[in-house]
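Colleague: Using our numbering, the first residue of the sequence shown is number 3, and each one after it goes up by one. Here a beta-carbon is modelled for each residue, glycine too, at the ideal position from N, C-alpha and C. My questions will all concern the structure given below.
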Amino acid sequence: MKTFWLKFTTKSDSTFGRGDGLAGLVDIEVMHDKYGLPFLNGRTLKGLLEEECANILFSLNEQNYDLEFQEEFYISSKHLLGSPGSSDSDKAILHISNATLPVDLRKSVAYELEKSRISMRLSSEDILNSLTSIRRQTSIDEKSGAPEKGSLRSMRVVLRETSFEAKLSFTKDPSGLDLPLLAACIKAFRRAGTGRNRGRGKLVAVLCDENGINVTENYFTVFCEKVMP
């Protein structure tokens with residue numbers, strides 16, 4: 003099984019929301035594991051890459067390339083991400099794990115928490131608070147310029163410059179334009195989480211091989227040569 007890694011670093015406060023909050027603390031909580039380590043759900047990550055892929059395919063269509071040329075990219079898109087109602091014969095060959103903090107860090111945190119179970123010197127809440135912060139915002143009345151009553155909201159955010167990685171597992175060896183298209187999708191993947199269309203969740207992502215070496219440009223160059231001969 004071929005394996006790659008999608009690695010990204012947050013460049014602004016990001017909220018990978020879990021859909022609820024904690025009464026009296028935050029209205030929107032980030033997804034985190036039992037150790038208090040935040041993560042981005044693999045399904046959500048796949049959906050974000052699908053969105054970028056759809057944008058790329060739309061752009062290629064707008065350039066009036068011939069249908070045979072476009073078909074190569076559509077085939078790779080289905081290889082990578084599948085299509086609605088896919089059967090076993092044409093389902094996606096790419097499986098995306100949750101995007102978590104680097105494995106060495108996770109192991110260290112787990113070890114320290116296990117050591118602290120008796121002494122209670124360190125807790126998962128301490129870990130979560132060290133990697134996140136709580137931001138508060140309110141709506142402003144356009145006429146008076148004063149905060150609207152009852153509009154105060156709080157959300158937990160993952161701090162900028164936090165690194166994540168997701169394992170990309172292929173059930174079959176990628177072929178054709180699969181990896182060049184994947185590299186293009188990953189370069190286009192620049193925001194994630196709640197409020198990503200309002201300036202939050204900015205990030206920088208790269209594609210790495212199984213040894214952790216950045217190979218984004220290697221495959222993106224192939225993509226560029228294909229669309230701009």
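Suppose only complete runs of 4+ residues qualify. What are the alpha helix (DSSP H) ranges in the region 26-68, listed by chain order?
Modeller: Segments of the alpha helix (DSSP H) lying fully in the region 26-68: 44-64.
Colleague: Take Ala-94 as the anchor and find which of Pro-176, Lys-204, Asn-131 has the nearest alpha-carbon.
Modeller: Minimum Cα distance to Ala-94 is reached at Pro-176.
Colleague: If you measure from the beta carbon of Leu-8 to each beta carbon in chain B, is any gap under 8 Å?
Modeller: No chain B is present in this structure, which holds just one protein chain.
Colleague: Please report the residue range of the alpha helix (DSSP H) in which Lys-189 lies.
Modeller: Its alpha helix (DSSP H) spans residues 180-190.
Colleague: Quick one: give me the first and last residue of the beta strand (DSSP E) that Phe-172 is part of.
Modeller: Looking at the DSSP string, the run of the beta strand (DSSP E) that includes Phe-172 is 165-172.
Colleague: Tell me which residues share the same chain as Ser-78 and place their Cβ nearer than 7 Å to its Cβ, disregarding the 5 neighbours each side in the sequence.
Modeller: Around Ser-78: Gly-178, Leu-179, Asp-180, Leu-183.
Colleague: Have a look at Asn-100 and Lys-36 and give me their C-alpha separation to the nearest angstrom.
Modeller: Computed Cα separation, rounded: 14 Å.
Colleague: Please report the distance separating the alpha-carbon of Glu-307 from that of Gly-38.
Modeller: Outside the displayed range of the chain (3 to 231) lies residue 307, so it cannot be described from this structure.
Colleague: Where do the ends of the beta strand (DSSP E) carrying Ile-129 lie?
Modeller: Per DSSP, Ile-129 belongs to no beta strand (DSSP E); it is in the alpha helix (DSSP H), 126-133.
Colleague: If we ignore side chains and look at the alpha-carbon of each, how far apart do Pro-104 and Asn-66 end up?
Modeller: For Pro-104 and Asn-66, the distance between alpha carbons rounds to 42 Å.
Colleague: Rounding to the nearest angstrom, what Cα-Cα distance links Arg-119 and Tyr-113 in this structure?
Modeller: Rounded to the nearest angstrom, the two C-alpha atoms are 10 Å apart.
Colleague: Return the bridge partner residues of Phe-10 from the DSSP annotation.
Modeller: Looking at the DSSP assignment, Phe-10 forms a beta bridge with Phe-166, Ala-207.
Colleague: Look up Ser-177 in the DSSP assignment and say whether it is helix, strand or coil.
Modeller: Reduced to three states, the DSSP call for Ser-177 is coil.
Colleague: Closest by CA to Arg-2, which one among Arg-192, Lys-189, Thr-196, Ala-186?
Modeller: As displayed, the chain neither begins before 3 nor continues past 231, which places residue 2 out of reach and without an answer.
Colleague: Just the C-alpha distance for Arg-20 and Ile-30, rounded to the nearest angstrom, thanks.
Modeller: Answer to the nearest angstrom: the Cα atoms are 8 Å apart.
Colleague: For Phe-18, I'd like the list of residues in its chain whose CB is within less than 6 Å of its CB, leaving aside the five on either flank, ordered along the chain.
Modeller: Val-32, Met-33, Leu-42, Gly-195, listed in sequence order.
Colleague: Mind checking who Ala-101 pairs with in its DSSP beta bridge?
Modeller: Bridge partners of Ala-101: Leu-42.
Colleague: To which residues does DSSP link Thr-5 through a beta bridge?
Modeller: Note: Thr-5 sits in a beta bridge opposite Ser-171.
Colleague: What does the alpha-carbon distance come out to for the pair Leu-136 and Asn-199?
Modeller: The displayed chain sequence assigns Ile, not Leu, to residue 136. One C-alpha to the other measures close to 19 Å.
Colleague: Nearest by alpha-carbon distance to Glu-52: which of Tyr-76, Glu-64, Leu-69 is it?
Modeller: Comparing Cα-Cα distances from Glu-52 to each of Tyr-76, Glu-64, Leu-69, the minimum goes to Tyr-76.
Colleague: Determine the DSSP secondary structure at Arg-138, reduced to helix, strand or coil.
Modeller: Strand, per DSSP.
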